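First the structure, in the form of structure tokens, and then the observations on it.
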Amino acid sequence: MTRPGSVMVAAGMFFLYVVCMGGALWLAIQNGNTDIVTAPFLLSFTAFMSVGALIIARRPGNSMGLIFSAGGLLAATGLLAQEYAEYSYVTKAGQMPGRVLAVWYTSWYWYPLLGLMLVFTLLYFPTGRLFSRGWRILAAVAWGALIAMTILAMLAPTLQVQDEDKVISNPIGIRALGSVEESLAGKVLFVVFLCSLGAAFLSLVIRFRRSEGAERQQLKWFTYAGTLAMLLPFDFVFPLPGLTSDFIFALVLTFLPVATGIAILKHRLYDIDVIINRTLVYGGLTAILALVYIAGVVVLGGALRSVTGQSNNSLAVAASTLGVAALFRPARSRIQSFIDRRFYRSRYDAAVTLETFSTQLRDGVELDLLAADLLSVVRETMQPAHASLWLIGPHGRI
87 MTRPGSVMVA
97 AGMFFLYVVC
107 MGGALWLAIQ
117 NGNTDIVTAP
127 FLLSFTAFMS
137 VGALIIARRP
147 GNSMGLIFSA
157 GGLLAATGLL
167 AQEYAEYSYV
177 TKAGQMPGRV
187 LAVWYTSWYW
197 YPLLGLMLVF
207 TLLYFPTGRL
217 FSRGWRILAA
227 VAWGALIAMT
237 ILAMLAPTLQ
247 VQDEDKVISN
257 PIGIRALGSV
267 EESLAGKVLF
277 VVFLCSLGAA
287 FLSLVIRFRR
297 SEGAERQQLK
307 WFTYAGTLAM
317 LLPFDFVFPL
327 PGLTSDFIFA
337 LVLTFLPVAT
347 GIAILKHRLY
357 DIDVIINRTL
367 VYGGLTAILA
377 LVYIAGVVVL
387 GGALRSVTGQ
397 SNNSLAVAAS
407 TLGVAALFRP
417 ARSRIQSFID
427 RRFYRSRYDA
437 AVTLETFSTQ
447 LRDGVELDLL
457 AADLLSVVRE
467 TMQPAHASLW
477 LIGPHGRI
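Here it is in structure tokens:
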């Protein structure tokens, strides 16, 4: 695909997404579903669509652009069909054109959507190609399972209006097949899909272990964003306040496509090391200070109650707050030093080597000894293929 052609394809797909999503939002408002305007997945798929279009325009040879854009279009058309089905069956409850088609589409569109966003993203990231030819079999099996599940869903005997109790007959349904969830074929295909997902994740792990240079940085971006996304289920165990939970959920889901876009387009690619370092440091610092604060409030509060006989914890809270504030800087320094030693050992050793050499440079007077030390430092920190030092004499001679 030529560059002008790829730009036209990207613009066309993005325009179609905007039209479908705009129609879905209008219908959602008519149906009274105003919460959908701020739904986290809406922001996420808009980010996926935007990043996908940008990749198609800037990196036409990378299939990740088509994967993201196709996923965004499936999400937009599925949402449009869902809202139109509710509008025609519930809000207006009249004979409107295409309402059966809308319900039929909502019954199967999410199968290819899940396949693209999960299996094929893992298989093709970041190069847009499979890791090796041997993985073609896995890609074919995944495609086959998804196509078969989609066809079974298309031919299900009954259809259900999304989020409603209304069930209608499928004009092209085959009663003998049953639903995908209940039929034996559907269960087998779902197991095959899960195995394909696990194998795709394994291919990403293998790709990461064997990567180097820019590709390693690209995979770091994806791994970092994926790790944040995997922390989202903890919200169900330790729920946060409504708006805070929704904001964090939307932020994390949106960061995933943004991070993959940064990785593929190689924009500020090497900043990921700084981001990971800061996350480890301040994440650990937050956890430690929170434990210190809670322990301080509990221990001091209990001690004060035993002495004064009152249940007022204001003094314990104030003392714990002051203690946390006093611990912030020393704790951050110690955690930073630990993280550097544990996860950035080569960089930490290089910093120590440079600091030692700086001390020697202030005290040293032997030129030959300093020259040898300088070469040693360069070889240890920079690890060049070759290093030599040329000194210019007083008459310009080397």
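For the sequence shown, the residue numbers in this note's numbering are 87 to 484. Glycine included, C-beta positions come from ideal geometry on N, C-alpha and C. Model, not experiment: these values are computed from the prediction.
Please state the DSSP three-state secondary structure of residue i.
i: LEU342; result: helix
i: GLU301; result: helix
i: ILE484; result: Reliability of the predicted coordinates at ILE484 is poor, the pLDDT of 47 falling under 50, and no value is obtained from them.
i: LEU317; result: coil
i: SER419; result: helix
i: SER136; result: helix
i: PHE195; result: According to the sequence displayed, residue 195 carries Tyr and not Phe. Three-state DSSP puts TYR195 in coil, outside helix and strand.
i: PHE100; result: helix
i: MET182; result: coil
i: GLY147; result: coil
i: GLY118; result: coil
i: ARG293; result: helix
i: TRP476; result: coil
i: LYS306; result: helix
Closest to residue i by CA distance: which of the options is it?
i: LEU337; options: LEU408, LEU111, GLY91, PRO126; result: PRO126
i: LEU187; options: GLY164, VAL105, THR177; result: GLY164
i: THR340; options: GLY98, SER406, SER136, ASN119; result: SER136
i: ALA286; options: ALA225, LYS306, ALA234; result: ALA225
i: ALA315; options: VAL344, VAL291, SER297, PHE294; result: VAL344
i: ARG222; options: ALA300, SER289, PHE414; result: SER289
i: VAL383; options: TRP196, THR407, PRO198, TYR197; result: THR407
Quick check on residue i: buried or exposed, where buried means 16 or more other Cβ atoms within 10 Å of its Cβ?
i: VAL385; result: exposed
i: PRO183; result: exposed
i: TYR191; result: buried
i: TYR103; result: buried
i: SER155; result: buried
i: THR132; result: buried
i: LEU401; result: exposed
i: ALA139; result: buried
i: PRO509; result: This structure cannot settle anything about residue 509, because the visible part of the chain is limited to 87 through 484.
i: VAL274; result: exposed
i: THR313; result: exposed
i: ILE141; result: buried
For a quick check, are the C-beta atoms of residue i and residue j less than 7 Å apart?
i: GLY157; j: MET203; result: yes
i: SER149; j: GLY214; result: yes
i: GLU169; j: LEU216; result: no
i: GLN304; j: VAL367; result: no
i: LEU238; j: VAL266; result: yes
i: TYR175; j: ASN117; result: no
i: SER282; j: ALA228; result: yes
i: PHE206; j: ILE258; result: no
i: LEU241; j: LEU263; result: yes
i: PHE308; j: PHE211; result: yes
i: LEU371; j: ARG418; result: yes
i: VAL189; j: ALA143; result: no
i: MET107; j: ALA162; result: yes
Hey, which unbroken runs of the beta strand (DSSP E) at 3 residues or more fall wholly within the region 209 to 283? 244 to 246, 253 to 255
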